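Let me begin by presenting the structure, written as structure tokens, before commenting on it.
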Amino acid sequence: MLTGSLALLADAGHVLSDLGAIGLAVLAGALAARSGGPRRTFGYRRSEVIAALLNGVTLVAIAVVIVVAAFNRLGDPPEVKGAGVLILGVVALAGNAAATWVLARGHREDLNLEAVLRHSAADALGSLGVIASGAVILATGWRPIDPVMSIAIATLILASSVRLVREPLDVLMEAAPPGVDVEAVARSVCSVDGVRAVHELHLWSVTAGFEALAAHVVVAHGEDRDRARREVEFVLQDRYGIEHTTLQMEEEADDDALLQVET
123 MLTGSLALLA DAGHVLSDLG AIGLAVLAGA LAARSGGPRR TFGYRRSEVI AALLNGVTLV
183 AIAVVIVVAA FNRLGDPPEV KGAGVLILGV VALAGNAAAT WVLARGHRED LNLEAVLRHS
243 AADALGSLGV IASGAVILAT GWRPIDPVMS IAIATLILAS SVRLVREPLD VLMEAAPPGV
303 DVEAVARSVC SVDGVRAVHE LHLWSVTAGF EALAAHVVVA HGEDRDRARR EVEFVLQDRY
363 GIEHTTLQME EEADDDALLQ VET
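Counting from 1, position 196 in the sequence shown corresponds to residue 318 in our numbering; the numbering is continuous, with no gaps.
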């Protein structure tokens, strides 16, 4: 507020949201490690997914607030102290760059950690915008650069939040994990010796890195269903890393028409 810069205020607000994101991530991580008891058979694993979604929604809200404030300033930009903005921007960039570097070395499959990392990376980019704004004002005195750069910062924040909102929603909607072709999985199951068809195939993520599959597998008449089940489980784990499986083995009837893959 001392500098009068909206870009700097936006960046500072985003940093404060980072603190909340980190606190939420720590809480969610602690919950995820707890046993869920007899009612929550998967435990609290999805607390990390919910935390990631909340962080993504927070980023979107921050971006919208910044854009509205910036457009209100475009018509009559207030005086901004360029030197102060420039100095504070450099300090913020150093801190954000260091935090992003540390977070980037963590496990990227964790949606919660990914959320915090994206907060930090967006902060670093925002700090670059603040530095540019301060430098332009200091050199030329052109005050509209502050709301213009604020809109640019908001755009960066919004861009970093799209994936962060989409991926947790996919997990909560029990969509197939990204990068896994359900049709290919079905064909792999049917490639096992003695397997005639697969239907009622469902593939989803409990949380990032924990995939689960349930399916009805039809085997030829007279085949060893236990042997076929073990081979299907091996194929799913070996080719796709799916370890949590629930397979209902069905024997093919004489008039069974399930000769094609059904999903």
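Using N, Cα and C, we set each Cβ at its ideal position, and we do this for glycine too.
Values in this document were obtained by computation on a predicted structure and should not be read as measured data.
Reference residue i; option with closest CA among the options
i: A246; options: R349, A134, G301, L294; result: A134
i: V186; options: A205, I273, G204, L176; result: I273
i: E183; options: L280, L131, L235; result: Strictly speaking, residue 183 in this sequence is Ala, with Glu absent from that position. Ranking the options by Cα distance to A183, first place goes to L280.
i: A244; options: V137, M371, V258; result: V137
Same chain, Cβ closer than 7 angstroms to residue i, neighbours up to 5 away in sequence not counted
i: A342; result: G316, R318, E374
i: G145; result: none
i: P199; result: R265, P266, D268, P269
i: E322; result: A337, H338
Contact under 7 angstroms by Cβ, residue i with residue j
i: I275; j: G256; result: no
i: A154; j: Y166; result: yes
i: A308; j: L325; result: no
Opening and closing residue of the alpha helix (DSSP H) in which residue i lies
i: S327; result: Not the alpha helix (DSSP H): S327 falls in the beta strand (DSSP E), residues 317-329.
i: V314; result: Where V314 is concerned, there is no enclosing alpha helix (DSSP H), given that its DSSP letter is neither H nor E.
i: F193; result: 169-196
i: D303; result: Looking at the DSSP string, D303 is not in any alpha helix (DSSP H), and its letter there is neither H nor E.
i: M295; result: Segment: none, M295 is in no alpha helix (DSSP H) and carries neither H nor E.
i: W223; result: 204-226
i: F356; result: 347-362
First through last residue of the beta strand (DSSP E) which encompasses residue i
i: A375; result: Taken as a continuous stretch (DSSP letters only), A375 belongs to no beta strand (DSSP E), as it is neither H nor E.
i: V339; result: 332-341
Cβ neighbours of residue i in the same chain (closer than 8 angstroms, five flanking residues each side left out)
i: H366; result: V328, F332, E333, A334, L335
Residues near residue i by beta carbon distance below 6 angstroms, same chain, minus five either side
i: R285; result: none
i: S127; result: V202, V207, D268
i: L380; result: Residue confidence is low: L380 scores 45 on pLDDT, short of 50, so the model does not pin down where it sits. Its coordinate-derived value is still stated next. Around L380: A319, V340.
i: S401; result: The requested residue 401 does not occur in the structure, where the chain is confined to residues 123 to 385.
i: V270; result: none
i: A132; result: I188, S272, I275
Short CB-CB distance (under 7 angstroms) between residue i and chain B
i: L278; result: This model lacks chain B altogether, as it is built from one protein chain only.
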